[in-house]
Each structure stands twice: as structure tokens, then as C-alpha cells.
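Below is one structure; the comments refer to it alone.
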Amino acid sequence: MAMPTAWMPLRYEQGDGMALIVELLGRLRRKAARPPSDRPLPRGYAVCGAPRSGSNYFCEILSSTGRLGHPREYFNANARRAIDDPNFPDDPHLQIERILTSGATQNGIYALKLFPGLFDTVSQHLKLTQALPNLHFVRLRRRDLLGQAISWARSTQTQQFRSTQTPSGEGRYDADLTRAYLAQACQRSARWDMYFARTGIDPVEVTYEELSSDPQGAVDKVADALNVARPRVALDRVRLEVQRDELSGEWRRRFIAEHGDPSHIDPVEAMAATL
Numbered sequence: 008m009a010m011p012t013a014w015m016p017l018r019y020e021q022g023d024g025m026a027l028i029v030e031l032l033g034r035l036r037r038k039a040a041r042p043p044s045d046r047p048l049p050r051g052y053a054v055c056g057a058p059r060s061g062s063n064y065f066c067e068i069l070s071s072t073g074r075l076g077h078p079r080e081y082f083n084a085n086a087r088r089a090i091d092d093p094n095f096p097d098d099p100h101l102q103i104e105r106i107l108t109s110g111a112t113q114n115g116i117y118a119l120k121l122f123p124g125l126f127d128t129v130s131q132h133l134k135l136t137q138a139l140p141n142l143h144f145v146r147l148r149r150r151d152l153l154g155q156a157i158s159w160a161r162s163t164q165t166q167q168f169r170s171t172q173t174p175s176g177e178g179r180y181d182a183d184l185t186r187a188y189l190a191q192a193c194q195r196s197a198r199w200d201m202y203f204a205r206t207g208i209d210p211v212e213v214t215y216e217e218l219s220s221d222p223q224g225a226v227d228k229v230a231d232a233l234n235v236a237r238p239r240v241a242l243d244r245v246r247l248e249v250q251r252d253e254l255s256g257e258w259r260r261r262f263i264a265e266h267g268d269p270s271h272i273d274p275v276e277a278m279a280a281t282l
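Everything in the sequence shown is counted per our numbering, starting at 8 for the first residue and increasing by one.
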């Protein structure tokens, strides 16, 4: 009697009980060997930004959808331990595991946040694009670089990096500090420009300004790039708020009045150092 295939109905005669059991076990083994058709292949994205570019807010917006992973600074162990995971590891390989597990939503989408400095750190230990399967890139930039620099200087003084944190210092106008962070904002932006130009990678582009005015539209861009049905932003899950206020405007006006002379261009050395 010919053996039935996995798709043929079982046919057996009385007394063939052992043959039936063997065939059933064979079918179970073949079924177990096949990958589940409903298990999505892992794929994800990195939000590529710089300090004070709205990245925390953007990542919380993305996470609120429940469909686009949970982007965080997984290569910043000190921050993770302080904010949400006291046992977060220092080993970059274990951090990759965190990205693929706690950084993922049930549909298989994982996410992380990258700054150039974090990329520098992890690149000493592993090749990121090999360690993370089907990795896409989302470029978040802030067009208002002076506003970014003012926010950076002020948050460094007050140690309030999120609206949910209590400031522990006083913000005061400091032209030299603002100028230093303006150079840093330009440098970090230029590093991403060079990375994408050199690799030929065409990232999803989102600006801080469009994120502020239309968060759902920014999320839709990411969803489309990952072929995910557009999820809705759940604003009730978003705790962070814009920290820019009238004092920020005062510092801007004063800085431009004092250092806005258009008769010269800034030297390249101004962007060479990294704070």
C-alpha cells in the first residue's frame, strides 16, 4: 500500500493501528518543521536624530500606536537603567536582544533611536545592519538649528531633558554655550547627511516642524515605509510636551542681535570638536 502524503486522507485497514500512529507522528513532525505562516518576519527601523531634535517626543508618538515598535536609546545603557529598566545590560549584543524583544510590537516591528555618538559606540562591537534584520532608517531633523542649540544649552543647564522631569538647575542666557551647541547641532546633522550620501540609503525624512504640526502625518510616513497599515496615534499615551517657551524666544532674539553679523561665515573648526 502506498504511503499517504501529508495532504492525502488517511486510509488504513483493521490492524494497521501502528502504521496509523507512525503516519500521524510523521505529519506532526512535518508540520512543526514548517515555519508558521502567521509569524511575521522581524523588520524595523532606526530613528536617526540628534539631541533636542524632538526625538523623545517622536519616539513616544510612534510607540503609542502599538504597531511601530518602541524606539528608545537601547545603546545608552545609563539612560535605560535610569528611566525604565534598572537591569539593562552594557553588552551591545544583549542590547540587540532588547531591541528585538522589548523594542518590538506584536506584529514583529522593532525600533530604536540612534544619535551619531551612539552609532560610534556600538560600531566598535558589531555591525548594526547585520545584527538587526531588515533595518530601515528614519531621518529626523530640525530645520531650526538655532532653536535646537538654545534648547540643548538650556536643558544642559537645568538638567531637564524631558518635560516630565523636574529641573535641578537654573537656565541663564549664555552666548558662548549657545554658539557651541549650535556648532554641535550642525555637526550631528552633517554626519547623518554624509552617512546617507555615502551608503546610498534613502531614509524616510521627517522634520521636527512637521512632527509638531502633524504627528499623525509623520507616523504615516514610517508606517508606509514598513508596509504597515497606518495605525492611529494614541495621544492619551503620550506624556511629553514641547518645552520651548517665551524664554527660548528671548534668548534667540538676543543671540541674533549679538552674533548675527552676516558679513562673515563661521570657520569649519567651529564644528570640529564634540561636546
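Even for Gly, the Cβ is constructed at its ideal location relative to N, Cα and C.
- Assignment of His-143 by DSSP, reduced to helix, strand and coil, places it in the strand class.
- Contact between Asn-63 and Leu-247 holds, since their C-beta atoms are separated by about 6 Å, short of 8 Å.
- With a contact defined as Cβ atoms closer than 8 Å, Gly-110 and Arg-259 miss out at about 36 Å.
- Non-local beta-carbon contacts of Gly-176 in its own chain, meaning distances under 6 Å to residues more than five positions away in sequence, involve Gln-164, Thr-165, Gln-166 in chain order.
- For Glu-212, the pairing in a beta bridge is given by DSSP as Arg-146.
- In this structure, Pro-99 lies near Val-129, with their beta-carbon atoms less than 8 Å apart.
- The shortest C-alpha to C-alpha distance from Arg-50 to any of Asp-243, Phe-203, Pro-140 is the one to Pro-140.
- In terms of CA proximity to Ala-197, Met-278 leads the group Glu-80, Met-278, Thr-112, Ser-70.
- Here DSSP, grouped into helix, strand and coil, assigns Lys-120 to strand.
- The C-alpha of Asn-85 lies about 16 Å from the C-alpha of Leu-119.
- DSSP places Arg-87 outside any beta strand (DSSP E); the residue lies instead in the alpha helix (DSSP H), whose first and last residues are 84 to 90.
- Per DSSP, reduced to three states, the secondary structure at Ala-236 is coil, with no helix or strand assignment.
- When secondary structure is reduced to three states using DSSP, Arg-195 falls in the helix class.
- One thing to note: Arg-195 has its Cβ no nearer than 8 Å to the Cβ of Ala-89.
- Each residue's CA atom was taken as its position, placing Glu-67 and Gly-76 some 10 Å apart.
- With a beta-carbon spacing of about 15 Å, Ile-106 and Leu-233 fall beyond the 8 Å limit used to define contacts.
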